[in-house]
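Sequential numbering from 6 applies to the sequence shown in my numbering.
Single-structure report; data block below.
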Amino acid sequence: MNHINEEYVEEYIRGIIPEHKGYLKNIEDYARINNIPIIEREVAQLLKVLLKISKPKNILEIGTAIGYSALIMATSTEDSCKITTIERRLDMVEMARENIDNAKYRDKIKILHGEAEVVLPTLGDKYDFIFLDAAKGQYLDFFNSCVDLLEDRGIIMSDNVLFKGMVATDKLVIRRKKTIVKRLREYLKYINHLDGYESCIIPIGDGVALTYREE
Ligand code: SAM
Numbered sequence: 006m007n008h009i010n011e012e013y014v015e016e017y018i019r020g021i022i023p024e025h026k027g028y029l030k031n032i033e034d035y036a037r038i039n040n041i042p043i044i045e046r047e048v049a050q051l052l053k054v055l056l057k058i059s060k061p062k063n064i065l066e067i068g069t070a071i072g073y074s075a076l077i078m079a080t081s082t083e084d085s086c087k088i089t090t091i092e093r094r095l096d097m098v099e100m101a102r103e104n105i106d107n108a109k110y111r112d113k114i115k116i117l118h119g120e121a122e123v124v125l126p127t128l129g130d131k132y133d134f135i136f137l138d139a140a141k142g143q144y145l146d147f148f149n150s151c152v153d154l155l156e157d158r159g160i161i162m163s164d165n166v167l168f169k170g171m172v173a174t175d176k177l178v179i180r181r182k183k184t185i186v187k188r189l190r191e192y193l194k195y196i197n198h199l200d201g202y203e204s205c206i207i208p209i210g211d212g213v214a215l216t217y218r219e220e
């Protein structure tokens, strides 16, 4: 129970999504058994649909883990689309590399090992789709580094913004998560009132925010 939707709604939505097969299913199973957080199935579907509509040419992801969402993005975009993904943990980078090689997407997905806050200022490219899925307390900093890298009419998608419902009500907040919750609230307020950007919050998975940069 993640306190975002009623359990029966979540179960219904998950039940209707077709099962992945092959390497995506294997990665989902591995992540579940080993407690590695990856995007929820309904968030993966949202990501696929958004990418098929927006047809980005250059994607940036913060938070690779074992490469699941990077592979979801690789399979949902045109062959010419490039994906750069940043991960701080070497063990994750190694597993992601193996998964990406197995899926034969080595040429499409580039993994950068390091802290996003250090790596982001070194990037020279522009991106038309940016996916934030790393340290939740740092989203505002990530966002502000990413706006310099975002193309006009580009999209920033941020996962886990409702953080088990805690962001929406103090009643659910546990003491050791207070700072993250405070920072996520600041983040959501910021992106919802930023001139030149249009944002929305979608209560699926653990909460997803979409931010569109106007021309
Ligand atoms: N996007 C992945 C997926 O759905 O398959 C899941 C990413 S997991 C939720 C978050 C990852 O972000 C972790 O592997 C963590 O090590 C990484 N991370 C957290 N903070 C980071 C930072 N400041 N810089 C780079 N990576 C970070």
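We treat Cβ as the ideally placed atom computed from N, Cα and C, and that holds for glycine.
Beta-carbon proximity check, L167 vs G129, cutoff 9 Å: Here residue 167 refers to the residue found at position 162 when the sequence shown is read from its first residue. Here residue 129 refers to the residue found at position 124 when the sequence shown is read from its first residue. Contact: no.
Leaving out five residues on either side along the sequence, give the residues of the same chain with a beta carbon under 6 Å from the beta carbon of Y73. Against the sequence shown, residue 73 aligns to sequence position 68. For Y73, same chain residues with a beta-carbon under 6 Å away, outside a window of 5 residues either side, are I32, I43 in chain order.
By alpha-carbon positions, which one of V98, R37, L29 ends up nearest to Y78? Counting from 1 along the sequence shown, the entry for residue 78 is found at position 73. Residue 78 is actually Met in this sequence, not Tyr. Of the candidates V98, R37, L29, the one whose C-alpha sits nearest the C-alpha of M78 is L29.
Enumerated in chain order, which unbroken segments of the beta strand (DSSP E) with a length of 3 residues or greater are wholly contained in the stretch 13 to 83? 63 to 67
Which residue or residues does DSSP assign as beta-bridge partners of T89? Your numbering for residue 89 matches position 84 in the sequence shown. T89 pairs with L65, K115.
Cut-off 8 Å between Cβ atoms - residues of its own chain near E12, not counting five sequence neighbours on either side: Within the sequence shown, numbered from 1, the residue matching residue 12 stands at position 7. Correct list, in chain order: M6.
CA-to-CA distance, L155 to D133, given in whole angstroms: Position 128 of the sequence shown, counted from the first residue, corresponds to residue 133. Position 150 of the sequence shown, counted from the first residue, corresponds to residue 155. Going by the C-alpha atoms only, they are around 6 Å apart.
Say the cut is 8 Å; is the CB of Y144 nearer than that to a heavy atom of the ligand SAM? Position 139 of the sequence shown holds residue 144. No, Cβ of Y144 sits at least 8 Å from all heavy atoms of the ligand SAM.
Assuming I64 and F136 form a contact by the criterion Cβ under 8 Å, report the distance between their Cβ atoms to the nearest whole angstrom. As a working mapping, residue 64 is identified with position 59 in the sequence shown. As a working mapping, residue 136 is identified with position 131 in the sequence shown. Indeed they touch by this definition, with Cβ atoms about 7 Å apart.
Taking the beta carbon of K187 as the centre, do at least 16 other beta carbons fall within 10 Å, making it buried, or is it exposed? Counting from 1 along the sequence shown, the entry for residue 187 is found at position 182. With fewer than 16 Cβ atoms within 10 Å of its Cβ, K187 is classed as exposed.
T184: which of V172, I207, K115 sits nearest, CA to CA? Along the sequence shown, one-based indexing puts residue 184 at 179. If we check each option's Cα against that of T184, V172 comes out closest.
Just reading off the beta strand (DSSP E) that L4 is part of, what are its end residues? Missing from the structure shown is residue 4; the chain here goes from 6 to 220 and no further.
Verify the contact flag: T82, CB atom, against every heavy atom of the ligand SAM, threshold strictly below 8 Å. By one-based count along the sequence shown, residue 82 stands at place 77. If you check the C-beta of T82 against the ligand SAM, you find no heavy atom less than 8 Å away.
Within 10 angstroms of the Cβ of N40, are there 16 or more other Cβ atoms? Answer buried if so, exposed if not. Counting from one through the sequence shown, the residue named residue 40 turns up at place 35. Exposed is the call here.
Check this for me: beta carbons of E45 and G170, under 9 Å apart or not? By 1-based counting over the sequence shown, the position of residue 45 is 40. By 1-based counting over the sequence shown, the position of residue 170 is 165. Not in contact: E45 and G170 (Cβ atoms no closer than 9 Å).
Where D146 falls: helix, strand or coil (DSSP): For the purposes of this step, residue 146 is identified with residue 141 of the sequence shown, where counting begins at 1. Note: D146 maps to helix in three-state DSSP.
Rounding to the nearest angstrom, what Cα-Cα distance links E15 and E120 in this structure? Along the sequence shown, read from residue 1 onward, the residue named residue 15 stands at position 10. Along the sequence shown, read from residue 1 onward, the residue named residue 120 stands at position 115. Here the alpha carbon of E15 sits roughly 33 Å from the alpha carbon of E120.
How about A3 and I91: do their beta carbons lie closer than 9 Å? This structure leaves residue 3 out entirely; the chain is present only between 6 and 220.
What do you reckon, is the C-beta of F136 under 8 Å from a heavy atom of the ligand SAM? In the sequence shown, the residue the question calls residue 136 occupies position 131. Result yes, Cβ under 8 Å from the ligand SAM.
Closest to Y217 by CA distance: which of E122, S163, I9, K182 is it? Stepping through the sequence shown from its first residue, residue 217 is reached at position 212. Nearest option by C-alpha distance: S163.
Give the straight-line distance between the Cα atoms of Y195 and Y202, rounded to the nearest whole angstrom. Numbered from 1 along the sequence shown, position 190 holds the residue referred to as residue 195. Numbered from 1 along the sequence shown, position 197 holds the residue referred to as residue 202. Rounded to whole angstroms, the separation of the alpha carbons of Y202 and Y195 is 10 Å.
Suppose you measure from the CA of K5 to the CA of L193; what does that come to, to the nearest Å? Outside the modelled stretch of the chain, which goes from 6 to 220, sits residue 5, for which no answer is possible.
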